[in-house]
Structures are given as C-alpha cells and as structure tokens.
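Undergrad:
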Amino acid sequence: MLQMSKAPALPATLLEIVNLTKSFEGVKAVDDVSLHLREGIITTLVGPNGAGKTTLFNLITGHLRPTAGDIRWQGDSVVGTAPWKIAQLGVARTFQDLRLFSHMTVFENVLTVMENSAWFWQSEAGSVTERRRRVHEILDATGLVHKAEVRANDLAYAERKFLSLARIMATKAKMWLLDEPASGLDPGSYERFVTLLRNEVRRGITICIIEHNLEIVVSISDRISFLDQGRLLADGEPDEILSNPELSSIYFGERNP
Ligand SMILES: Nc1ncnc2c1ncn2[C@@H]1O[C@H](COP(=O)(O)OP(=O)(O)OP(=O)(O)O)[C@@H](O)[C@H]1O
Ligand SMILES: [Mg+2]
-15 MLQMSKAPAL
-5 PATLLEIVNL
5 TKSFEGVKAV
15 DDVSLHLREG
25 IITTLVGPNG
35 AGKTTLFNLI
45 TGHLRPTAGD
55 IRWQGDSVVG
65 TAPWKIAQLG
75 VARTFQDLRL
85 FSHMTVFENV
95 LTVMENSAWF
105 WQSEAGSVTE
115 RRRRVHEILD
125 ATGLVHKAEV
135 RANDLAYAER
145 KFLSLARIMA
155 TKAKMWLLDE
165 PASGLDPGSY
175 ERFVTLLRNE
185 VRRGITICII
195 EHNLEIVVSI
205 SDRISFLDQG
215 RLLADGEPDE
225 ILSNPELSSI
235 YFGERNP
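Note that this note's numbering numbers the sequence shown so that position 141 is 125, with each residue one more than the last.
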C-alpha cells in the first residue's frame, strides 16, 4: 500500500477492518484489507468497477461472512453477528439498488423506519406525534415534502435516491454506509446532496460513502480509501490520493473505460 501518512491527529476509530478477506470461489473480492473508519468524518471508498467496494459494505453489515480477518465496531468484533443486530448497534446502510417500499408513500417509507418492529428501531423513537414531526423534518431536508403522499414507485430517479437517504436519516445509526447514493443525480442536485451529508456529519454522524463521480468525491471527502481488485491501494487525505498519477491511471485506465 502507498504510504499516505501526513495528518497529525486523526479522529478516533469507530469501525476497524483488520486483514479482511472475502473469496468467492477462489476469487478474492476483498483481499487482506485493513482500514479505520473514523468518527465524525466522511470517508469515501473509490475504485474501479468490481474493486470490492460493495462487498466490503456487505461484510461490515453482516450480509456476508468474511473468509478471514476481523471487523470491530467500537473495539468489539462483529463477525458472525446478524445484520439486524449490527444495524441496532448503530450501522445503517443504503443499497446500490435502493430497496425502497415501492408501493408505500414517501411519508410511509420514512415513518416505517422508526417503527418498533423495524430493523433500525432504537429505543428513542418517541411518540407518534414526535415521529411524524421528525419525518416532516427529514422530508424537508431531502427536498421531498411536496412528494410526501406520492408512492415511491412514482418518483423520479433522483427523488428515489433522496428517499433512500431520508430513510437512513430516520434511523438512530451513528455510522452510515452509502452505496453510490449520488449516482444518477442531476448536477443540479449535487449541492443539496453534499450539504445534506455535511449537515449530518455536523450533528455527529460518521459516513462511509462509495462514490464514482469525481466532482462529488472532491467536494465531500475528508479521507479517501482507494480499492482495486479487492486490495486497498491507498488511504489518506483527498489531495494526496487525487493527485496520485498511479491511482488515476488505475481508475481511468483501460480496465475502467
Ligand atoms: N455474491 C457474489 N458471488 C460471486 N462473486 C461476487 C459476489 N459479489 C461480488 N462478487 C464479485 O466480487 C468482485 C467485487 O464486486 P463488488 O460488487 O464488491 O464491486 P464494486 O467495487 O462494488 O463494483 P461496482 O463499482 O461495479 O459496484 C466482483 O468481481 C464481483 O463479480
Ligand atoms: Mg458496488
């Protein structure tokens, strides 16, 4: 791995990935990756298609079991822990394919996250009035208030992406894992998107985001981790990673035209 060590004082580690490997029939989708996801910042995972980014998320959330290595949430191993338990510990995620409740309204999609039976439910969901007030606040922040009664199915694609973010905002999770939340957004929505995530970080959320769009990567990242063919090639400050010619040639090279 390239050495990218310059920053003097890094925030504390919330989630630690230790020598993590996941093989699928001999192919290492994640290959001996060690990484610290640090508190109160946005870490961006970048890398060409098939680099292992989504697999890494699936390992963290318990949707996949590692072939080797460890994942520690606030110091304790969570390998073998069920996805719903990891969610309740405070790790929420969005999926590349969104997985909204397509026949429910926008309002219901967010409200259901706060129900006692929901995966993400954590003790302070509050009264019904309080929950509805919170849903309204979230829809306001995501620009979806005027779509509250529209079914998720009937939304434009960019609105569905914001609904996916709205749902994660309704959780009490400390850490959000966002799998390409900005892909398909029109450039006019970028600012709302970046501002939204920045506001959440300001209120104490830690974010790890998979992102391909360079404009967004530049404006959003506090740290960047670069994966290629399952391996962590670099991890450091955005300036260092983005100005590294070796990494750009991998990212923009013939394997990722
Ligand atoms: N369930 C699976 N079974 C077999 N192979 C898999 C499985 N999931 C992922 N892979 C393989 O693991 C590698 C990493 O895939 P992954 O989806 O993690 O990449 P990615 O970095 O998220 O790519 P993209 O940018 O295209 O979303 C790929 O070669 C993929 O084909
Ligand atoms: Mg992916």
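Built from N, CA and C at the ideal position, the CB exists for glycine as well.
Among the residues of its own chain, which have a CB less than 7 Å from the CB of THR65, if the five just before and after it don't count?
TA: These residues qualify, in order along the chain: GLY46.
Undergrad: In the DSSP assignment, the beta strand (DSSP E) including VAL245 goes from what residue to what residue?
TA: Any property of residue 245 remains undetermined from this structure, which presents the chain solely from -15 to 241.
Undergrad: Indicate, with yes or no, if ligand 2 has a heavy atom lying under 7 Å from the CB of ASP163.
TA: At least one heavy atom of ligand 2 is nearer than 7 Å to the Cβ of ASP163, so yes.
Undergrad: Considering Cα atoms alone, identify which of GLY59, GLY31, GLY53 and ALA(-4) is closest to ILE25.
TA: When each option's Cα is compared against that of ILE25, the closest is ALA(-4).
Undergrad: Name, in chain order, the residues that DSSP records as bridge partners for ALA52.
TA: Beta-bridge pairing links ALA52 to THR5.
Undergrad: Quick one: does the C-beta of GLY242 sit closer than 7 Å to a heavy atom of ligand 1?
TA: Given a span of -15 to 241 for the chain in the structure shown, any question on residue 242 remains unanswerable.
Undergrad: Compute the Euclidean distance between the alpha carbons of ALA157 and LEU95, then round it to the nearest angstrom.
TA: Distance between the alpha carbons of ALA157 and LEU95 is about 15 Å.
Undergrad: Within 10 Å of its beta-carbon, does THR28 have 16 or more other beta-carbons around it, so buried, or fewer, so exposed?
TA: By the neighbour-count rule (16 or more Cβ atoms within 10 Å), THR28 is buried.
Undergrad: Got a sec, what are the start and stop residues for the beta strand (DSSP E) LYS12 sits in?
TA: Segment 11 to 22, the beta strand (DSSP E) holding LYS12.
Undergrad: Please classify ALA140 as buried or exposed, where buried requires at least 16 neighbouring CB atoms within 10 angstroms.
TA: With fewer than 16 other Cβ atoms within 10 Å, it is exposed.
Undergrad: Count the other C-beta atoms from every protein chain shown that fall within 10 angstroms of the C-beta of GLY59, then say buried if there are 16 or more, exposed otherwise.
TA: So GLY59 ends up on the exposed side.
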